[in-house]
Amino acid sequence: MSQRAVFEGHKGNVTSVSFHSEGKWVVTGSEDGTIRIWDLRTSNLHRVYENEVPINDVCIHPNQGELISCDQAGRIRQWDLTLQEEACTVELAPAGDIPIRSISIASDGSCLVAGNNKGRVYVWKINESSRDGPRYQAVTMFQAHNKYLTRCLLSPDVKYLATCSADTTVKIWLVGSNYEFKLDKTLHGHQRWVWDAAFSADSAYLVTDHVARLWELSSGETVRQYNGHHKAAVCVALNDINLVPN
Numbered sequence: 062m063s064q065r066a067v068f069e070g071h072k073g074n075v076t077s078v079s080f081h082s083e084g085k086w087v088v089t090g091s092e093d094g095t096i097r098i099w100d101l102r103t104s105n106l107h108r109v110y111e112n113e114v115p116i117n118d119v120c121i122h123p124n125q126g127e128l129i130s131c132d133q134a135g136r137i138r139q140w141d142l143t144l145q146e147e148a149c150t151v152e153l154a155p156a157g158d159i160p161i162r163s164i165s166i167a168s169d170g171s172c173l174v175a176g177n178n179k180g181r182v183y184v185w186k187i188n189e190s191s192r193d194g195p196r197y198q199a200v201t202m203f204q205a206h207n208k209y210l211t212r213c214l215l216s217p218d219v220k221y222l223a224t225c226s227a228d229t230t231v232k233i234w235l236v237g238s239n240y241e242f243k244l245d246k247t248l249h250g251h252q253r254w255v256w257d258a259a260f261s262a263d264s265a266y267l268v269t270d271h272v273a274r275l276w277e278l279s280s281g282e283t284v285r286q287y288n289g290h291h292k293a294a295v296c297v298a299l300n301d302i303n304l305v306p307n
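This note's numbering puts the first residue of the sequence shown at 62, with every later residue one more than the last.
Printed below as a string of C-alpha cells:
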C-alpha cells in the first residue's frame, strides 16, 4: 500500500475524519479546536472552521451540505458547507458542559444520536422544513453505559445503534419507528476499553477495536478475530465488498 497524500495543518491530535460521498473532500476534526476541509484532488486545505475547544467527532449530513461536530465543551454544532462564511448555524448543549464524545447521523437524515462522557445517549429528530418544528427536535435520552461512552454509531439501515464503552462492552440497541431504543444484545469479549466500531454495509456485521473482532449481529457471536497489533487498535473502518466469513 502506497501513501497517496499527507494533509498538514492541525496543531493537535486529529480525533475524527469524515469523507464527502462524492470523494472530493475529507473533513478532519482536531484537539486544536479546528475543523478542516481538504481537497482530495489537490491535497490542499479548502476551509477552516474555528471551534475554540477540542473537537471529538465530526460527520457529514447525508445531504452533503451540512457538517455536524461535537466537542469537549459539551456542544453539538452544525456548520453549513454551502455558505461562504465559516459560522456555526445551529448549536445544541444537551448536558451543559459535559463533553460530547461521539455523534452519528442516520443514513436517511432522519435523526441525530450523540453520546457523552457519562454514558448517556441523546437523540434528536431532524426536521427538514421549519414548518415541522425546530431543525433538531429532542425526542429521547437514555443511559447506555455506567462508564465512559467512547462511540455511538447508527447502522446503515437505521435499525440498530451500537454504543462502545470503557466498561469493555459493546451494546446493540434496536431503533423503533418512534425513536424508542431497546437493548438487543451486549457483546462481551473485549478485555479493555472499546473505542470504535463499524457496521458492514448490510448492517449484519459489526467490527470493533482493541483486539479487532468481527461480530455477527443476529447471533451476537464473534465470527473472526484479527490479531497482529502489538498494542490496542483504537479505530476501525470497513470496505466490505464481500464480508461473508469463510
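The C-beta atom is built at its ideal place from N, Cα and C for all residues, glycine as well.
Everything numeric in this text was worked out from a predicted model, so none of it was measured.
For Ala175, the uninterrupted beta strand (DSSP E) run begins and ends at 172-177, by DSSP. The stretch 77-97 makes contact with the stretch 124-143; the number of CB pairs closer than 8 Å reaches 3 or more. Inter-residue distance for His251 and Tyr110 is about 36 Å (C-alpha atoms, whole angstroms). Rounded to whole angstroms, the gap between the alpha carbons of Ser168 and Pro160 is 24 Å.
Taking 3 residues as the shortest admissible run, the stretch 149-204 contains the following complete beta strand (DSSP E) segments, listed from N- to C-terminal end: 149-153, 161-166, 172-177, 181-187, 197-204. Counting C-beta pairs with one atom in each stretch, the stretch 210-224 and the stretch 177-190 have three or more that are closer than 8 Å, which means they touch.
In this structure, Thr283 and Glu241 do not form a Cβ contact; the two beta carbons are roughly 28 Å apart against a cut-off of 8 Å.
Distance check between Leu153 and each of Arg196, Ile137, Thr76, Leu267 places Ile137 closest, using alpha-carbon atoms only.
Lys243 and Ala259 have their C-alpha atoms some 20 Å from each other.
Annotation: Asp245 to Ser191 spans about 34 Å, alpha carbon to alpha carbon.
Inside the stretch 208-232, DSSP marks whole beta strand (DSSP E) runs of 3 or more residues at positions 210-215, 221-226, from first to last along the chain. In terms of Cβ geometry, Asp118 and Ile187 do not form a close pair [threshold 9 Å]. Counting only the Cα atoms, Asp100 lies some 33 Å from Asp158.
Under the three-state reduction of DSSP output, Gln252 falls in the coil class, being neither helix nor strand. Per DSSP, His206 is not a residue of any beta strand (DSSP E), being assigned neither H nor E. If you ignore the 5 residues before and after Glu147, its C-beta comes within less than 8 Å of the C-beta of Arg108, Val109, Tyr110, Glu111, Trp140, all in its own chain and listed in chain order. Going by beta carbons, Ala205 and Trp234 fall inside the 9 Å limit. The beta carbon of Cys172 lies closer than 7 Å to those of Val184, Trp185, Lys186, Ile187, Tyr240 in the same chain, with the five residues before and after it left out. Taking 9 Å as the cut-off, the beta carbon of Val75 is found closer than this to the beta carbon of Thr89. When the alpha-carbon of Gln198 is set against those of Ala134, Cys149, Pro155, Glu277, the nearest one is in Pro155. Distance between Gly84 and Ser77, taken at the CA atoms: about 17 Å.
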